[in-house]
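A short worksheet on the structure shown next.
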Amino acid sequence: MLSRKLSFGHFVSTLVLFFLFLTGSAFSSSTLAQTPSPVPVARLLSLSSAPASLTRPRRVTGSTAIATGPTLSEATDIERRAFEATNRARLQSGLAPLAWDSELCKMARTHSENMVRLGYFAHETPDGLHLRDRAHAVGIAHFHVLGENIAYNQGFDDPGAFAVERWLRSPGHRANILNTEFQQSAIGVFVAPDGTVYLTQEFIAR
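Per numbering that gives the first Met the number 0, the very first residue in the sequence shown carries number 0; after that it's consecutive.
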């Protein structure tokens with residue numbers, strides 16, 4: 000077994016909670032999203048009560064055809080094991096398992112890769128794209144609730160299961176994993192040149 004190079008204190012995630020009101024105002028903790036914290040937390044975006052102007056998808060330039068993401072059978076071993084561990088946790092809590100969503104996997108993989116290539120760890124990209132924007136970019140135009148967990152670790156035999164284990168110890172992450180509204184989910188992984196595994200976990204209720 001590989002040695003565990005990162006302790007729980009190094010298992011870092013960030014928190015951004017968005018509450019969108021009928022007034023059209025949006026409040027976010029964007030500064031927290033830019034600063035890695037030793038306390039793992041998660042992000043949840045709810046558009047169920049947002050006005051039409053906020054839920055309307057943005058125009059995507061170029062081709063309107065967006066390639067479908069990987070199916071569960073096309074997922075990597077790390078992605079599958081993290082997804083299976085997530086559903087085991089839900090079943091143990093008496094909840095229905097989540098269905099794999101190919102669009103969410105594409106979205107998650109893109110975010111994990113961008114965090115490595117652009118050198119950041121946050122829900123918001125350096126050019127200001129938020130969770131909703133990234134969903135629209137892969138063709139997810141309408142949803143009621145969208146959630147995201149992010150993490151990285153290094154030196155574990157099963158980095159996907161380890162990430163889920165640590166997420167379940169955090170109230171924010173656990174709330175996403177055990178959210179009764181969510182129906183579909185996916186994990187997207189990217190491995191950095193030094194072997195660090197970046198994981199993005201997406202949840203959705205359409």
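Using N, Cα and C, we set each Cβ at its ideal position, and we do this for glycine too.
Please report how far the alpha carbon of Gly-194 lies from the alpha carbon of Glu-180, in whole angstroms.
35 Å
Using the beta-carbon count (16 or more within 10 Å), is Thr-60 buried or exposed?
Because the pLDDT of Thr-60 is 32, which lies under 50, any placement of that residue in the model is unreliable, and the question is left without a value.
Just to confirm, is the Cβ distance from Ala-84 to Val-190 under 8 Å?
Contact flag unset, no.
Within the same chain, show all residues whose beta-carbon is closer than 7 Å to that of Asp-157, passing over the 5 residues directly before and after it, in chain order.
Cβ neighbours of Asp-157 beyond the five flanking positions: Arg-80.
Buried or exposed for Arg-108, please, with buried defined as at least 16 other CB atoms from any protein chain shown within 10 angstroms of its CB.
buried
Suppose the cutoff is 8 Å on Cβ atoms and the five residues either side in sequence are ignored; what does the same chain contact list for Arg-89 look like?
Ala-95, Pro-96, Leu-97, Ile-176 and Leu-177
Within 10 angstroms of the Cβ of Gln-200, are there 16 or more other Cβ atoms? Answer buried if so, exposed if not.
When all chains shown are included, Gln-200 counts as buried.
Compare the beta carbon distance of Gly-159 and Met-106 with 8 Å and say whether it is the shorter of the two.
No, they are not a contact pair.
Taking only runs of the beta strand (DSSP E) that begin and end inside the stretch 119–193, which ones reach a length of at least 3 residues, in chain order?
144–152 and 183–190
Relative to the C-alpha of His-141, which residue among Trp-99, Ile-203, Ile-77 and Pro-125 is closest?
Ile-203
So, helix, strand or coil for Leu-198, using DSSP?
DSSP places Leu-198 within a strand segment (E or B) once states are collapsed to three.
Which class does Ala-81 belong to by DSSP, given the choice of helix, strand or coil?
helix
Using the three-state DSSP reduction, which class does Ala-107 fall into: helix, strand or coil?
helix
Go through its chain and collect everything with a Cβ distance to Leu-117's Cβ below 8 Å, but skip five positions before and after it.
Thr-124 and Pro-125
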